[in-house]
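Enquirer:
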Amino acid sequence: MTTQTTKTPSAPASKDGATKGLIGLPENIGRALATIGGALAVVSTFLAWTWTSAFPGDLTVYGYPGGLQVLVLIGGALTTLFGLASYGVKGLRWLTPAGADGAIKLAATGTFATTWYTVIAISDELGGVVNLEPGGFIAAAVTLAAFLGAFSLPFERPEEEHIDEDETVGERIGRIWRHIVALLKSAVFTPSPVPARKLPAFAEILVIVAAMAVGLTVFTYGIGTEYDELFVGFLITVGFLFAALSKAGLVARVSAITGRHSTITMFGAFIAAALFPFTQSDDQYATIGVYILIFATVALGLNIVVGLAGLLDLGYVAFLGVGAYTAAMVSGSPSSPFDLHLPFWLSALLGAAVAMVFGVLIGAPTLRLRGDYLAIVTLGFGEIFRITVLNMDGTSGPDITNGSNGISSIPNLDILGFDFGLEHTILGFTIGRFANYFLLMLLITLIVVVVFKRSSDSRIGRAWIAIREDETAALAMGINGFRVKLIAFALGASLAGLAGAVQAHVTYTVTPEQYQFAHVVPPNSAFLLAAVVLGGMGTIAGPLVGAALLYLIPAKLQFLGDYQLFAFGVALVLLMRFRPEGLIPNRRRQLEFHEEAEAPAVLSKTGA
Amino acid sequence: MTTDTTTVTGTTVLDARGVTMRFGGLTAVRNVDLQVNSGEIVGLIGPNGAGKTTFFNCLTGLYIPTEGEVRYKGTVLPPKSFKVTAAGIARTFQNIRLFANMTVLENVLVGRHTRTKEGLWSALLRGPGFHKAEAASRERAMELLDFVGLANKAEHLARNLPYGEQRKLEIARALASEPGLLLLDEPTAGMNPQETRATEELVFAIRDKGIAVLVIEHDMRFIFNLCDRVAVLVQGEKLIEGDSATVQGDERVIAAYLGEPFEGTPGDEEAAEVEAAEASAPSDATPGKENDR
Ligand SMILES: Nc1ncnc2c1ncn2[C@@H]1O[C@H](COP(=O)(O)OP(=O)(O)O)[C@@H](O)[C@H]1O
Ligand SMILES: [Mg+2]
Numbered sequence: 028m029t030t031q032t033t034k035t036p037s038a039p040a041s042k043d044g045a046t047k048g049l050i051g052l053p054e055n056i057g058r059a060l061a062t063i064g065g066a067l068a069v070v071s072t073f074l075a076w077t078w079t080s081a082f083p084g085d086l087t088v089y090g091y092p093g094g095l096q097v098l099v100l101i102g103g104a105l106t107t108l109f110g111l112a113s114y115g116v117k118g119l120r121w122l123t124p125a126g127a128d129g130a131i132k133l134a135a136t137g138t139f140a141t142t143w144y145t146v147i148a149i150s151d152e153l154g155g156v157v158n159l160e161p162g163g164f165i166a167a168a169v170t171l172a173a174f175l176g177a178f179s180l181p182f183e184r185p186e187e188e189h190i191d192e193d194e195t196v197g198e199r200i201g202r203i204w205r206h207i208v209a210l211l212k213s214a215v216f217t218p219s220p221v222p223a224r225k226l227p228a229f230a231e232i233l234v235i236v237a238a239m240a241v242g243l244t245v246f247t248y249g250i251g252t253e254y255d256e257l258f259v260g261f262l263i264t265v266g267f268l269f270a271a272l273s274k275a276g277l278v279a280r281v282s283a284i285t286g287r288h289s290t291i292t293m294f295g296a297f298i299a300a301a302l303f304p305f306t307q308s309d310d311q312y313a314t315i316g317v318y319i320l321i322f323a324t325v326a327l328g329l330n331i332v333v334g335l336a337g338l339l340d341l342g343y344v345a346f347l348g349v350g351a352y353t354a355a356m357v358s359g360s361p362s363s364p365f366d367l368h369l370p371f372w373l374s375a376l377l378g379a380a381v382a383m384v385f386g387v388l389i390g391a392p393t394l395r396l397r398g399d400y401l402a403i404v405t406l407g408f409g410e411i412f413r414i415t416v417l418n419m420d421g422t423s424g425p426d427i428t429n430g431s432n433g434i435s436s437i438p439n440l441d442i443l444g445f446d447f448g449l450e451h452t453i454l455g456f457t458i459g460r461f462a463n464y465f466l467l468m469l470l471i472t473l474i475v476v477v478v479f480k481r482s483s484d485s486r487i488g489r490a491w492i493a494i495r496e497d498e499t500a501a502l503a504m505g506i507n508g509f510r511v512k513l514i515a516f517a518l519g520a521s522l523a524g525l526a527g528a529v530q531a532h533v534t535y536t537v538t539p540e541q542y543q544f545a546h547v548v549p550p551n552s553a554f555l556l557a558a559v560v561l562g563g564m565g566t567i568a569g570p571l572v573g574a575a576l577l578y579l580i581p582a583k584l585q586f587l588g589d590y591q592l593f594a595f596g597v598a599l600v601l602l603m604r605f606r607p608e609g610l611i612p613n614r615r616r617q618l619e620f621h622e623e624a625e626a627p628a629v630l631s632k633t634g635a
Numbered sequence: 005m006t007t008d009t010t011t012v013t014g015t016t017v018l019d020a021r022g023v024t025m026r027f028g029g030l031t032a033v034r035n036v037d038l039q040v041n042s043g044e045i046v047g048l049i050g051p052n053g054a055g056k057t058t059f060f061n062c063l064t065g066l067y068i069p070t071e072g073e074v075r076y077k078g079t080v081l082p083p084k085s086f087k088v089t090a091a092g093i094a095r096t097f098q099n100i101r102l103f104a105n106m107t108v109l110e111n112v113l114v115g116r117h118t119r120t121k122e123g124l125w126s127a128l129l130r131g132p133g134f135h136k137a138e139a140a141s142r143e144r145a146m147e148l149l150d151f152v153g154l155a156n157k158a159e160h161l162a163r164n165l166p167y168g169e170q171r172k173l174e175i176a177r178a179l180a181s182e183p184g185l186l187l188l189d190e191p192t193a194g195m196n197p198q199e200t201r202a203t204e205e206l207v208f209a210i211r212d213k214g215i216a217v218l219v220i221e222h223d224m225r226f227i228f229n230l231c232d233r234v235a236v237l238v239q240g241e242k243l244i245e246g247d248s249a250t251v252q253g254d255e256r257v258i259a260a261y262l263g264e265p266f267e268g269t270p271g272d273e274e275a276a277e278v279e280a281a282e283a284s285a286p287s288d289a290t291p292g293k294e295n296d297r
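Top line first, the protein sequences correspond to chains A and B.
Start counting the first sequence at 28; every next residue gets the next number (our numbering).
Start counting the second sequence at 5; every next residue gets the next number (our numbering).
1. Taking the alpha carbon of residue 556(A) as the point to measure from, which residue in 200(A), 329(A), 216(A) has its own alpha carbon closest?
2. Give me the Cα-Cα distance between residue 231(B) and residue 510(A), rounded to the nearest whole angstrom.
3. Near residue 18(B), what residues of its chain come up, given a Cβ to Cβ distance below 8 Å and the 5 sequence neighbours on each side ignored?
4. Which residues count as close to ligand 1 when the rule is a CB under 5 Å from any of its heavy atoms, in chain order?
5. State the DSSP-derived secondary structure class of residue 86(B), mapped to helix, strand or coil.
6. What's the call for residue 28(A), buried or exposed, on a 16-neighbour Cβ count within 10 Å?
7. Per DSSP, what kind of secondary structure is residue 47(A) in: helix, strand or coil?
8. If you reduce the DSSP assignment to three classes, tell me which class residue 22(B) lands in.
9. Quick one: which residues of the segment 470-486 of chain A get their C-beta closer than 7 Å to a C-beta of chain B? List them in chain order.
10. Taking 8 Å as the threshold, find out whether the segment 139-154 of chain A comes into contact with the segment 247-262 of chain A through three or more Cβ pairs.
11. Please state if the CB of residue 152(A) and the CB of residue 82(A) are separated by a distance shorter than 9 Å.
12. Which residue wins for smallest C-alpha separation from residue 94(A), given the options 409(A), 105(A), 77(A), 341(A)?
13. Determine the DSSP secondary structure at residue 17(B), reduced to helix, strand or coil.
14. Please report the distance separating the alpha-carbon of residue 24(A) from that of residue 164(A).
15. My understanding is that residue 67(B) touches residue 58(B), with C-beta atoms under 8 Å, so please give their C-beta distance in whole angstroms.
16. Look at the alpha carbon of residue 20(B) and the alpha carbon of residue 36(B), and state the distance between them as a whole number of angstroms.
17. Using a beta-carbon distance cut-off of less than 8 Å, what residues from the segment 511-534 of chain A approach chain B?
18. Any idea which residues DSSP pairs residue 57(B) with across the strands?
19. For chain B, find out if any of its Cβ atoms is closer than 9 Å to the Cβ of residue 337(A); answer yes or no.
20. Between the segment 116-143 of chain B and chain A, which residues of the former have CB atoms less than 9 Å from a CB of the latter, in chain order?
21. Which residues in the same chain as residue 536(A) place their Cβ atom closer than 6 Å to its Cβ, once the five residues preceding and following it in sequence are excluded?
22. Is residue 566(A) close to chain B? Criterion is C-beta to C-beta, closer than 9 Å.
23. Consider the Cβ of residue 415(A): report whether some Cβ of chain C lies at a distance smaller than 9 Å.
24. By the criterion of Cβ-Cβ separation under 7 Å, what are the contact partners of residue 497(A) in chain B?
25. Could you tell me which whole beta strand (DSSP E) segments of length 3 or greater appear in the segment 403-471 of chain A?
26. Looking at the strands, I want to know which residues DSSP matches up with residue 233(B).
27. Considering residue 120(B), what are the terminal residues of the beta strand (DSSP E) in which it resides?
28. Would you say residue 189(B) touches ligand 2, meaning its beta carbon is less than 8 Å from a heavy atom?
29. Roughly how many angstroms separate the alpha carbons of residue 418(A) and residue 424(A), rounded to a whole number?
30. Under 9 Å, Cβ to Cβ, is there at least one residue of chain B near residue 502(A)?
31. If contact is defined by three or more beta carbon pairs under 8 Å, each pair taking one atom from either stretch, is the segment 541-559 of chain A in contact with the segment 455-473 of chain A?
32. Give the single residue among 138(B), 31(B), 194(B), 132(B) whose Cα lies nearest to the Cα of residue 117(B).
33. Report yes or no: is there a C-beta of chain B within less than 9 Å of the C-beta of residue 137(A)?
34. Counting pairs of Cβ atoms below 8 Å between the segment 326-340 of chain A and the segment 564-584 of chain A, do you hit three or more?
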């Protein structure tokens with residue numbers, strides 16, 4: 028990494044001509060355009076963009092922004108703030124500890140993309156640009172100006188690849204593509220932020236509270252988006268602005284602080300999450316909330332197996348199914364073969380225990396082997412579970428699980444007289460059925476988070492990571508690989524079983540097709556694995572964020588319809604190409620970046 | 005500087021008898037006997053592909069020898085590498101095998117695995133016993149890092165260490181399992197002369213802790229300075245074993261391996277050699293990497 032000598036954005040004149048912007052405007056004009064364009068975009072959101080309310084979101088009024096305009100407003104405001112920070116305006120420098128230019132580019136792009144998406148959607152849906160009011164044109168023009176201005180800011184260009192004389196068309200396309208990727212990457216490149224002054228403890232806690240508040244707001248906004256266009260705009264804006272904030276170095280700052288106060292952060296996050304049902308006026312979004320939570324919790328359990336111990340489990344959802352079926356059978360449901368109605372704590376423990384037994388049964392013969400056997404066996408187990416359950420219907424097999432009808436009419440939980448099926452009024456807020464389960468599920472999530480955190484930071488967790496890193500060396504260091512892997516596998520299974528016990532009650536009915544390898548509705552094994560990989564392996568926040576996105580995107584974008592899985596595949600490929608470490612990189616990755624900044628790492632390239 | 009030949013030979017620590025390792029038709033190690041006594045530093049030399057690493061793998065349970073028996077302090081070694089480590093033999097690898105994405109400290113902590121007991125429940129419940137054991141492990145690990153001179157890099161990622169320090173970290177990690185015998189597979193490969201000298205000192209210091217050392221090395225100066233006894237392996241068979249002078253003088257060794265007589269006798273001209281070492285690069289120090297364990 029080159030040593031960053033100066034924080035001023037002026038181009039270092041070392042490589043002649045190598046530091047132009049992508050757009051040919053002079054730097055000072057570009058910077059002014061971006062800054063002023065952002066501000067004008069904010070103004071434009073107060074104008075009407077279209078004349079009819081046929082386009083959802085109330086974009087017809089002068090005086091206040093509505094729907095997508097709010098997103099543009101936020102994007103424009105951030106662009107301007109970053110712009111002003113790049114001028115060195117006092118009081119704004121804290122916004123950009125890693126330099127402002129990359130952040131300006133990303134924020135301007137996000138604003139531009141959201142605005143143009145809106146304008147094009149209006150014209151497309153209402154039949155032509157005639158449906159735009161002047162405000163719409165103004166918004167389009169100023170965000171374009173800001174975008175062009177931002178990309179006039181100079182940056183250090185990557186070196187061009189050597190061009191082979193007789194390259195084939197394929198090679199040529201590949202080379203050009205790589206060049207474009209490299210160019211875009213270096214256009215928004217910023218060095219690692221300079222280490223921060225330590226704030227007083229109360230200020231750091233305030234930062235955490237603020238971060239939690241922002242997180243809750245963004246999540247609540249996203250879950251509450253009422254129409255496809257708003258959700259698309261939301262994804263564009265949040266994606267680019269998050270990227271901008273991390274380029275600015277703010278994300279690293281905040282995560283350094285949350286890392287220092289991890290317990291406070293954890294409980295803060297849970298309080299914020301527990302507040303979510305209280306922000307909702309009806310149970311509609313709490314439903315989504317509780318499903319996300321189930322998905323996220325199971326994904327986090329899988330992260331112990333995959334992320335920490337490095338065991339590729341392709342049938343993980345079966346353990347959720349085992350837990351759910353176990354709890355359903357002892358829930359007093361009329362379609363259960365057992366006439367049992369155990370209290371919740373007992374059925375939850377039972378669900379976890381039975382899932383663990385299955386985990387050990389699957390793990391014991393396979394975990395002794397190295398390589399991909401485990402993936403294949405777990406994939407098989409997942410399907411065997413589903414098909415067995417499907418067949419235990421009294422005709423093809425013993426009458427236990429009721430076949431494809433599943434176990435239905437699972438009664439609502441009643442813990443200490445608190446009936447989960449009823450509405451309750453707490454502190455003046457009315458909490459519906461799904462909100463009740465949301466809060467219960469949150470407790471389970473908390474348990475899984477604590478288990479993850481504590482086990483990973485211990486002798487056993489280090490053994491898992493060691494095995495993931497290099498199994499031969501781990502064995503040579505005295506780790507009983509089989510035993511340690513079996514513990515990870517069984518622990519993961521029992522956590523999924525625990526979540527399954529709640530899931531059975533939330534869904535009223537458990538059926539075999541809820542537990543497939545791949546399916547359009549999460550959780551299923553493929554989506555669980557995707558949530559872990561997309562979010563960030565080995566982290567706590569990663570699978571939670573990954574699961575939320577993977578649940579919301581198909582749920583919100585109904586128009587994707589049959590192309591859902593295709594879009595999902597494309598998104599995953601793009602992500603792996605541009606951010607292989609996942610949305611939330613591991614602490615180890617951060618450390619890696621951190622060290623690069625500290626000392627030019629002399630990697631092990633010397634010698635043999 | 006530590007003197008080289010303090011032969012306080014005591015009880016037999018390692019006793020390998022008739023160790024043979026065949027891979028299909030290839031006999032990589034043939035009927036090798038080797039003893040290491042407590043307080044000894046024993047060298048194992050031989051050309052590339054002679055079977056030295058394979059022999060190490062047989063000793064540490066990574067391979068199960070086709071024939072022969074390995075005893076550690078009188079008991080036959082179990083055929084699993086983690087049990088061998090628990091019994092008291094620790095090793096390093098010819099191709100460094102650190103846990104690259106773990107910190108330096110964590111690497112050493114992993115080495116403590118066999119000497120600590122805390123299981124999953126202890127980690128989840130976090131009673132006072134857990135915190136005590138964890139603190140003790142950390143303290144011990146920091147001592148070891150201090151011993152090899154890496155204490156100031158405890159929080160760095162292992163992958164970001166320079167090469168020589170990675171080798172040192174591997175030694176610290178192996179020492180963390182409190183071995184009675186340490187096996188070093190080419191500990192100076194790829195090092196510059198200064199680093200090699202430092203490693204020499206480190207090996208003496210390890211011996212002075214009461215740990216017997218068996219070391220594979222290509223750097224002859226290193227071997228003959230360090231070892232009380234040297235065994236030569238050629239094409240899987242032990243050609244000769246004896247003290248440095250005997251081995252260096254042996255014609256078969258010279259023919260098979262050294263190529264030309266090693267200049268000067270070890271010990272008495274050591275000071276001169278230090279200077280010589282500074283000048284000449286370690287010629288044999290970068291062996292092929294065809295086999296990495
Ligand atoms: N796992 C294996 N399978 C087959 N052949 C092996 C294996 N391990 C080592 N060998 C062979 O055994 C011989 C000795 O190798 P090795 O012990 O690595 O030599 P050295 O460490 O002395 O350079 C080589 O010919 C090598 O190719
Ligand atoms: Mg070797």
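Glycine included, C-beta positions come from ideal geometry on N, C-alpha and C.
Since the structure is predicted, the reported quantities are computational estimates derived from the model, not experimental observations.
Expert: Working from what's here:
1. Within the first sequence, the letter at position 529 stands for residue 556(A). When each option's Cα is compared against that of residue 556(A), the closest is 329(A).
2. As a position in the second sequence, residue 231(B) is number 227, starting the count at 1. As a position in the first sequence, residue 510(A) is number 483, starting the count at 1. Roughly 39 Å between the two C-alpha positions.
3. On the second sequence, position 14 is the one that residue 18(B) refers to. 38, 39, 40, 63, 74, 75, 76, 93, 185, 216, 218, listed in sequence order.
4. 27(B), 32(B), 52(B), 53(B), 54(B), 55(B), 56(B), 57(B), 58(B), 295(B)
5. The sequence position of residue 86(B) within the second sequence is 82, counting from 1. Reduced to three states, the DSSP call for residue 86(B) is helix.
6. As a working note, residue 28(A) is residue 1 in the first sequence. Its pLDDT being 39, under 50, residue 28(A) is placed unreliably in this model, and the value from its coordinates should be taken loosely. Classification of residue 28(A): exposed, given that the 10 Å Cβ count is below 16.
7. For the purposes of this step, residue 47(A) is taken as the residue at position 20 of the first sequence. Residue 47(A) falls in the coil class under three-state DSSP.
8. Taking the first residue of the second sequence as 1, we reach residue 22(B) at position 18. Three-state result, residue 22(B): strand.
9. 478, 481, 482, 485, 486
10. yes
11. Within the first sequence, residue 82(A) is the residue found at index 55, counting from 1. Within the first sequence, residue 152(A) is the residue found at index 125, counting from 1. Against a cut-off of 9 Å, the Cβ pair of residue 152(A) and residue 82(A) comes out as a contact.
12. Position 67 of the first sequence holds residue 94(A). The residue with the shortest Cα to Cα distance from residue 94(A) is 77(A).
13. Residue mapping note: residue 17(B) aligns to position 13 of the second sequence, counting from 1. Reduced to three states, the DSSP call for residue 17(B) is strand.
14. The question about residue 24(A) has no answer here: the residues shown for chain A are numbered 28 through 635.
15. Looking up residue 67(B) in the second sequence gives position 63. Looking up residue 58(B) in the second sequence gives position 54. The Cβ separation is near 7 Å, so the contact holds.
16. Sequence index remark: in the second sequence, residue 20(B) carries index 16 (1-based). Sequence index remark: in the second sequence, residue 36(B) carries index 32 (1-based). Looking at the two C-alpha atoms, the distance is approximately 7 Å.
17. 514, 518
18. Translated into positions along the second sequence, residue 57(B) becomes position 53. Per DSSP, none; premise fails for residue 57(B).
19. Locating residue 337(A) in the first sequence gives position 310, where the first residue counts as 1. No, because no Cβ of chain B sits closer than 9 Å to the Cβ of residue 337(A).
20. 116, 117, 118, 119, 120, 121, 122, 123, 124, 126, 127, 128, 129, 130, 134, 137, 138, 141
21. Residue numbering aside, residue 536(A) sits at position 509 when the first sequence is read from its first letter. Closer than 6 Å at Cβ, skipping near neighbours: 433, 435.
22. Counting from one through the first sequence, the residue named residue 566(A) turns up at place 539. For residue 566(A), the answer is no, since every Cβ of chain B falls outside 9 Å of its Cβ.
23. Given the protein chain composition of this structure (A and B), no chain C is represented.
24. As a working mapping, residue 497(A) is identified with position 470 in the first sequence. Under the 7 Å cutoff, chain B gives 101, 103.
25. 451-453, 456-458
26. If you number the second sequence from 1, residue 233(B) lands on position 229. Paired residue(s): 46(B).
27. In the second sequence, counting from the first residue as 1, residue 120(B) sits at position 116. That residue, residue 120(B), is in no beta strand (DSSP E); it is neither H nor E in DSSP.
28. Within the second sequence, numbered from 1, the residue matching residue 189(B) stands at position 185. Yes, the beta carbon of residue 189(B) sits closer than 8 Å to at least one heavy atom of ligand 2.
29. By 1-based counting over the first sequence, the position of residue 418(A) is 391. By 1-based counting over the first sequence, the position of residue 424(A) is 397. Using only the alpha carbons, I get a separation of about 6 Å.
30. One-based indexing of the first sequence puts residue 502(A) at position 475. Taking Cβ atoms only, chain B reaches closer than 9 Å to residue 502(A), which makes this a yes.
31. no
32. Start at 1 with the first residue of the second sequence, and residue 117(B) comes out as number 113. Of the candidates 138(B), 31(B), 194(B), 132(B), the one whose C-alpha sits nearest the C-alpha of residue 117(B) is 138(B).
33. Taking the first sequence and counting its residues from 1, the one referred to as residue 137(A) is at position 110. No, its Cβ sits nowhere closer than 9 Å to a Cβ of chain B.
34. yes
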